[in-house]
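A short worksheet on the structure shown next.
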């Protein structure tokens, strides 16, 4: 080994660091190299800095060079090593977090060093906890609350409307409601307690035309089908008594065309921006000469896009008596920001400022599908995780890594992805990042893992499709394994409502079915409860313990969470043959089976999963 950024001898600390925190780098090179210079620069900057490393001695056939640096401002830095040889020069470059570097004649792939603000403080009460995501209309109906403008169905568990033909809008997708509401969620708090949940993430609850409510009509009003402000206050109060926090979905990049602010149908009088140039909301939108006549979200005419940098809109959302302040004062514990990568930095800064003013320990999550430290959008590199914006993101890289490992059995690919994120994200923020296998935007995990061809079908075909008994059995088996592996990773593991009960579903809207209260898969539910109990029993390790990949070869992965007094290790075998656990890793180990919970203190052979 010449250098490995995750080896504490090569680099210490190994991961992201705070501003002005000293980082030591040690490089071993063949003895015929004469000197080493570390070259580094902030991302997207051409201003390269050079640091000559100090020769400190020999180790066998290798010379050893060392240097220490501190980084004065928050940014993502990149670095390589420039080696001088009697016959010329070479660069020592990055080949990935699980491999040693490689010598090349050119300045190629660098290592990444994330530096975040030393003043950053992670919100308390979230790290190591378990989240439960609820799509409110489909969770539980305590008592039907009617709205004459909405199609409220009486067949709980029926197939949601899926027609997306706007020329024939009967039974249009997103226009049907099953009546799930805030009172229903409150009634099921004991159930969520029995799962071990400490945090509920609610999909949008504000007044809207659709069942998903991502087309907000009024930010200051609960959708009447869900309840009212009093119901929300009651839910938060009772949840807090149960040790459960509530975070809301903030949809601030667009609103509904049929909203108080745009009012395409003129149902709110003369204030709507669509038809009234003197509307107080006119500057919130961009009108043009396109066929639609205004800028809308991804070309969807029912979702006019907001100019988030417009001062009056920013004040409406982030002001002293704005939207965020209003709901925080009524009991919310934080927000998840929809399409955070489509919100400009100045708006995100304002959201954070208001949220933390209301409650310094509130949680601010953002929807980002890629590595949040290197995301490029809005014409520049984003600074989500540099200590002055988000507390965490939706961890799609972890989700993809786990599911891909279940389906493709590529242990090394899993190890590379999770280690890269562990290296790039500040640990404080990684520990409050949302980890999941399913959401309202994805195929449900059991369906995805079942191998069903219907995952790629059209909506019409998916509406008539279901898993065979064999597909369901396979999906559940792999889901249990995937969830166990996910629960080992840094972050807040999230269970999407119904997954724990065996709820299946393909693409939207079939991933948003009603919770099957009358026909839960009790064996699966018991397993998820036991897994959550295990996580909570070892909360000290899961809230602050370090993480490492012990092995990721072939189709077998072993990961470890390292506590001060003991460690937790999980091995998953997706190969065709059984493997022996390397007991030399452990002192006085106690082994158990993830699938059945049985213990074997002497030896343990792991058979193939799936």
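In this note's numbering, the protein residues as written are 195 to 804. Every residue, glycine too, gets a C-beta built ideally from N, C-alpha and C.
Under a Cβ-count criterion, where at least 16 other Cβ atoms within 10 Å of its own Cβ denotes burial, should residue i be classed as buried or exposed?
i           : result
residue 646 : buried
residue 622 : buried
residue 250 : exposed
residue 706 : buried
residue 658 : exposed
residue 570 : exposed
residue 665 : buried
residue 414 : exposed
residue 717 : exposed
residue 301 : exposed
residue 703 : buried
residue 307 : buried
residue 293 : exposed
residue 655 : exposed
residue 139 : Examination of residue 139 is not possible in this model, given that the chain is present from 195 through 804 alone.
residue 684 : buried
residue 486 : exposed
residue 246 : exposed
What does a CB cutoff of less than 7 Å around residue i pick up in its chain, not counting 5 residues either side in sequence?
i           : result
residue 735 : 755, 757 and 762
residue 340 : 346
residue 378 : 333, 334, 335 and 336
residue 562 : 534, 535, 569, 578, 587 and 588
residue 521 : 442
residue 432 : 380 and 383
residue 537 : 446, 447, 502 and 531
residue 329 : 397, 634, 691 and 706
residue 473 : 465, 466 and 467
Compare the C-alpha of residue i against each of the options and name the closest.
i           : options               : result
residue 691 : 639, 643, 671 and 658 : 639
residue 701 : 716, 634, 374 and 302 : 634
residue 676 : 703, 721 and 662      : 721
residue 151 : 684, 744, 685 and 680 : The structure shown does not extend to residue 151, since the chain is modelled only from 195 through 804, so no value can be given for it.
residue 371 : 406, 383 and 697      : 406
residue 767 : 564, 408, 256 and 678 : 678
residue 380 : 367, 400, 424 and 366 : 424
residue 749 : 523, 760, 428 and 771 : 771
residue 400 : 418, 387, 385 and 390 : 418
residue 739 : 321, 200 and 256      : 321
residue 218 : 225, 208, 226 and 429 : 208
residue 437 : 559, 730, 452 and 264 : 730
residue 517 : 274, 262 and 444      : 444
residue 625 : 309, 319 and 282      : 319
residue 238 : 457, 567, 753 and 247 : 567
Spatial neighbours of residue i within its chain, please: C-beta separation below 8 Å, excluding the five flanking residues on both sides.
i           : result
residue 607 : 595, 598 and 599
residue 228 : 278, 279 and 280
residue 311 : 212, 213, 268, 580, 581 and 582
residue 804 : Caution is warranted here: a pLDDT of 44 is assigned to residue 804, below 50, making its placement in the model unreliable, and the coordinate value is therefore given only provisionally. Around residue 804: 600, 668, 671, 672, 675 and 768.
residue 501 : 477, 478, 479, 480 and 507
residue 482 : 488 and 489
Measure how close the beta-carbons of residue i and residue j come, nearest whole angstrom, since I'm counting them as under 8 Å.
i           : j           : result
residue 236 : residue 197 : Going by Cβ atoms, the distance from residue 236 to residue 197 rounds to 21 Å, so no, they are not a contact pair.
residue 812 : residue 375 : Beyond the ends of the chain as shown, which are 195 and 804, falls residue 812; an answer cannot be given.
residue 617 : residue 317 : That pair is no contact at about 23 Å.
residue 395 : residue 530 : 6 Å
residue 494 : residue 612 : Contact doesn't hold; Cβ gap of about 34 Å is too wide.
residue 512 : residue 556 : That pair is no contact at about 13 Å.
residue 454 : residue 411 : 6 Å
residue 274 : residue 233 : 5 Å
residue 808 : residue 289 : In this structure the chain extends from 195 to 804, so residue 808 is not present and cannot be described.
residue 409 : residue 496 : 6 Å
residue 585 : residue 542 : 12 Å between Cβ atoms; not a contact.
Pull the bridge partners of residue i from the DSSP assignment, please.
i           : result
residue 242 : Bridge partners of residue 242: none, in fact.
residue 641 : None; residue 641 has no bridge partner.
residue 206 : 218
residue 259 : 221 and 249
residue 753 : 743 and 764
residue 586 : 559
residue 305 : 273
residue 464 : For residue 464, which the question treats as bridged, DSSP gives no partner whatsoever.
residue 806 : Because the chain in this structure spans residues 195 to 804, residue 806 falls outside the shown range and cannot be described.
residue 327 : 395 and 690
residue 229 : 278
Checking contacts by CB at 9 Å: is residue i closer than that to chain D?
i           : result
residue 389 : Of the chains in the structure shown, none is chain D; there is only one protein chain.
Using a Cβ-Cβ cutoff of less than 6 Å, which residues in the same chain neighbour residue i once the five nearest sequence positions on both sides are dropped?
i           : result
residue 477 : 504
residue 298 : 285 and 287
residue 393 : 323, 325 and 439
residue 796 : Here the model assigns residue 796 a pLDDT of 44, short of 50, so the residue's position is not dependable and the matter cannot be decided.
residue 243 : 234
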